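There are 4 protein chains.
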Amino acid sequence: MNYMKKTFIKRLKEINLNKPLFIEGLPGIGLIGKLVSEHLIHELNAVKFAELYSSSFPPQVLIDENGIIEPLKNEFYYLKSAGADHRDFIILTGNTQGLTPEGHNEICNEIIDFIEEYGVKNIYTLGGCETTQNNEKIKVIGSATNEELIKMLKDNGVKIRSAHELIIGASGLLLTLGMYREINGVCLMGNTRGYSIDVDASKAVLKTLISILKLKVDFLKLDERVEESIRIISKTKKIKQENPDKTHLKPSDDDLRYIR
Amino acid sequence: MNYMKKTFIKRLKEINLNKPLFIEGLPGIGLIGKLVSEHLIHELNAVKFAELYSSSFPPQVLIDENGIIEPLKNEFYYLKSAGADHRDFIILTGNTQGLTPEGHNEICNEIIDFIEEYGVKNIYTLGGCETTQNNEKIKVIGSATNEELIKMLKDNGVKIRSAHELIIGASGLLLTLGMYREINGVCLMGNTRGYSIDVDASKAVLKTLISILKLKVDFLKLDERVEESIRIISKTKKIKQENPDKTHLKPSDDDLRYIR
Amino acid sequence: MNYMKKTFIKRLKEINLNKPLFIEGLPGIGLIGKLVSEHLIHELNAVKFAELYSSSFPPQVLIDENGIIEPLKNEFYYLKSAGADHRDFIILTGNTQGLTPEGHNEICNEIIDFIEEYGVKNIYTLGGCETTQNNEKIKVIGSATNEELIKMLKDNGVKIRSAHELIIGASGLLLTLGMYREINGVCLMGNTRGYSIDVDASKAVLKTLISILKLKVDFLKLDERVEESIRIISKTKKIKQENPDKTHLKPSDDDLRYIR
Amino acid sequence: MNYMKKTFIKRLKEINLNKPLFIEGLPGIGLIGKLVSEHLIHELNAVKFAELYSSSFPPQVLIDENGIIEPLKNEFYYLKSAGADHRDFIILTGNTQGLTPEGHNEICNEIIDFIEEYGVKNIYTLGGCETTQNNEKIKVIGSATNEELIKMLKDNGVKIRSAHELIIGASGLLLTLGMYREINGVCLMGNTRGYSIDVDASKAVLKTLISILKLKVDFLKLDERVEESIRIISKTKKIKQENPDKTHLKPSDDDLRYIR
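The listed protein sequences correspond, in order, to chains B, R, F and D. First residue of the first sequence: 404, per the working numbering; consecutive thereafter. First residue of the second sequence: 404, per the working numbering; consecutive thereafter. First residue of the third sequence: 404, per the working numbering; consecutive thereafter. First residue of the fourth sequence: 404, per the working numbering; consecutive thereafter.
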């Protein structure tokens, strides 16, 4: 097999799912999507069943906790019969997103092709956004692919995103690419002031998501997970703390190099 | 169908047109092309018949007035037997242009291929340009693919663009790509000082265009349309007003992110 | 024919040449290559026989002297039995170079493929370079594909370029791509201090070139040609004259936008 | 043969090797990888047997010591039965790395395809990294593809790289691409403060490498080699000496132009 010549998905496990709901949580603004998706994976014991590699990822590798080299990749996990609704789930996390427009589109298209095979009809994409209103009461901002879902978001206390705003990267692309296949979806964005790791915004998104999806997830470990992430970042980068609150670190281009 | 793997055009309606005149008004400098093309579409009740998608568009999506996700795309509208000349028209508008040189060329080539099918022999591309002379008396600057059209522009009071200037993006590329198929055309550019939305320059281009094409279009709603656009931008971005005149907003890289 | 989908060469005239010498003078540092090649073309009455178009050129068009739209392109001219040696020549000029690494390589490869068909065995590429020594006595700096040609350059008073310097763009790539086909060549660079149009450096390169190639070319018109270029630039751009000498204009990114 | 249309490897010599160990030393941070690999090649009399060319290398050429044009390329050398272990080696050096993500991946994939043919099962990649601790006692930092190799590095006094750090370019990509083929490996990075040529860090990496691989290499000539490199750089660029120690030159974007 000629690995890495383009975007490809390596299946690790044959599984059968019943109309699973797809949740995307790749790294992005405030690391919100990644934190929430990884928290769900750990708390609900989701199982990895596939990995995506792409030559359009940045030409870099990461080092893991043991000093071992880790390729840039996206990872698919699944969950069977979870939450009050006994639903199946596919959760996507990873350590990077695509780089060029063409690469980004190719990767998201491969993801949609792949999840469609398992019968996915609904997508939740997770991320962050910086609101200009600086209204701190707004915690979670949402957008959706149809009016019914917009109504559902409003009913769940989600503020709807303003017209002519942008969603950059996989959280937006996956939804539009899904629309062409009659897959509908929602984007939940934590209201962030641009910190490299925004734990409050992540908690708000998690809270909204599990309420909508009738999942039961412990929040305690999210703080531990964030503390761990902050420790790692603090250890490896000299970060100017612009905020005395340790959980709010201002991002620099450097910190985000491996995210996008 | 494998959507978004490259540039493709989705036909929404089968139509027959008689040597239609093609008008391009994609977003660009001063939003002039987009404002004029959308004003024409609304005032003349043009009907959408096709949409263009491309993996070379920026990897982003937009939010519409209802919070619903909208892919980046270009849109084709048509008009039958319009104006004093009872001519057919195809009008192109959209919310983005290509990003890489190769992508930009591919997209414009697809557009030319597509409109050629309908028998297009004449193109009008619309945009803005910043003149160095700062001569405020010059309102509309033009360029064309042959001498006959240059003469026609002069007869209509259009100042001809200086040698060795550039036209960047679709407004230029569509004209040269058309030349290879014996499609001739004109580029009308509003003289702008670089505002993100230049309503005066847009009006000047609109006025020139409808005079040449013998169309009858109300101007009142253009102001409303611009006011609406400014309201949206003001609401979503903190714009430093460098000009007391509300219709003249200085662009920042940020504002133009979704245009190019 | 599907124009502009990749790099292609349009032949305008069938010609037969006898081992022609190939001279490349595309726009670059100080516009030296372009000025010298265009001067040769006009003074020796070379005839255009082919044009190269590429989707890797910048997504722009130029305006010509009459306000007419001109695509970005490279142009091939030929000359039969010129100079004291009665040699045939192919001269390449144009209004742009490629943009991406892959595009640049594709374009240069197409050029080498094309000129090889006519039996080209020797290449002269023309450009400019900024020497750090600031030694104003050095007028022309050269490099070559073999030692014999290095010796020839020295015999003609050309200073050899220092080890580990770079030649960026077509002037360098064409020589290495030629080497794989056993086409040898020379790069002549005018010593420039980075002016957007360097007439002195252009004259020095022209003088060296015609001396080596035993061509007879009038210099008078070169000044006129430069004056014309400066007039155009002055008319269309506000250039800060950092040098009282009108023939030395400091370049800005803006001025060079259409060159690279 | 259609040279340079993509990435290709030109074989100069047919050779047979017995499970050779592969060492990569392409230019990068502090020029450490390149200095060490070239020192090994010269001291151990390794023989060149293949060259790699790519249209994804920067569109540039270099000038060699005699003023002769040299394409950007990577070079493969081999060694038979070297060191106390009588092992075969393939050593990769060169004057550049890829530019785009897709290009970088394509090139590294070609390299892995090529060395796999010779039976390579182990890779050593060499480079530099800037530690944030500024702990000057740490000389060499390592990473590896499995725990066994991490242990081996620790036993050899190598500090293991921290979690969530990055390795950018070929030194990282080659290791992950190797992992898919069951080729294991190690990355040795000299602890550098970002000098354009870091001789101390290069010596530290060389010392560690030859100790692990049981090679015997004279260090004297490394200083000469660096002095030579510095002389070249000093001659051709005006470098601001931010450090009185001549062997420590702060890099500028300019100096590194030909490296990445």
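Glycine included, each C-beta is placed from N, C-alpha and C at the ideal position. Owing to the predicted nature of the structure, the values given are computational and were not obtained by experimental measurement.
At least one CB of chain F lies nearer than 8 angstroms to the CB of residue 572 (chain R). Counting along the chain, no beta strand (DSSP E) covers residue 512 (chain B); the unbroken alpha helix (DSSP H) around it starts and ends at 504-520.
DSSP, read as helix, strand or coil, puts residue 475 (chain B) in coil.
At a beta-carbon threshold of 8 angstroms, the residues of chain B lying near residue 578 (chain D) are 464 and 472, ordered along the chain.
Interface flag for residue 489 (chain D) against chain B is unset, since no Cβ pair is found closer than 8 angstroms. Fully contained in the stretch 518-595 of chain B are the following beta strand (DSSP E) runs of length 3 or more, in chain order: 525-532, 543-547, 569-571 and 587-594. Here residue 418 (chain F) carries a coil assignment [DSSP, helix/strand/coil]. Burial check for residue 498 (chain R): the Cβ neighbour count within 10 Å reaches 16 or more, so the residue is buried. Against chain B, a Cβ distance below 9 angstroms from residue 548 (chain D) picks out 471 and 472.
For residue 603 (chain B), the three-state secondary structure derived from DSSP is helix.
DSSP lists B:477 as the beta-bridge partner residues of residue 497 (chain B).
As a beta-bridge residue in DSSP terms, residue 464 (chain F) pairs with R:570 and F:474. Annotation: residue 620 (chain D) is outside any alpha helix (DSSP H) and is labelled neither H nor E by DSSP.
By the rule that beta-carbons nearer than 8 angstroms mark a contact, residue 605 (chain R) does not touch chain B. Note on residue 554 (chain F): under 16 other CB atoms within 10 angstroms of its CB, so exposed under the neighbour-count rule. Looking at the DSSP output, residue 451 (chain R) sits in a beta bridge with R:480. Secondary structure note for residue 435 (chain F): its alpha helix (DSSP H) is the uninterrupted segment 435-446. DSSP, reduced to helix, strand and coil, places residue 409 (chain D) outside both helices and strands of the structure shown, so it counts as coil. When the beta-carbon positions are compared, residue 530 (chain B) and residue 436 (chain B) come within less than 8 angstroms of each other. DSSP, read as helix, strand or coil, puts residue 488 (chain D) in coil. Apart from sequence neighbours up to five positions away, the residues of its chain that approach residue 484 (chain F) with a beta-carbon distance below 8 angstroms are 490 and 491, ordered along the chain. Residue 576 (chain R) places its beta carbon less than 8 angstroms from that of residue 511 (chain R). C-alpha of residue 480 (chain D) to C-alpha of residue 509 (chain D): approximately 21 angstroms in a straight line. Under the three-pair Cβ rule at 8 angstroms, the stretch 444-459 of chain F does not count as touching the stretch 558-566 of chain R. DSSP lists F:495 and F:528 as the bridge partner or partners of residue 427 (chain F). The beta carbon of residue 575 (chain F) sits closer than 8 angstroms to some beta carbon of chain D. Between the alpha carbons of residue 415 (chain D) and residue 570 (chain D) lies a gap of roughly 31 angstroms. Residue environment analysis places residue 614 (chain R) among the exposed positions, since fewer than 16 neighbouring C-beta atoms fall within 10 angstroms of its C-beta. In this structure, residue 464 (chain F) places its C-beta atom within 8 angstroms of the C-beta atom of residue 475 (chain F). Straight through space, the alpha carbons of residue 565 (chain D) and residue 470 (chain B) are spaced by roughly 6 angstroms. In chain F, no part has a C-beta under 9 angstroms from the C-beta of residue 627 (chain R); the shortest such distance is about 33 angstroms. When B:583, B:594, B:433 and B:513 are compared, the shortest CA-CA separation from residue 600 (chain B) is found for B:433. Leaving aside the five residues that flank residue 425 (chain D) on each side, the residues in its chain whose CB is nearer than 6 angstroms to its CB run, in chain order, 493, 518, 523 and 526.
In summary, no residue of the stretch 424-456 of chain B has a CB separated from any CB of chain R by less than 7 angstroms.
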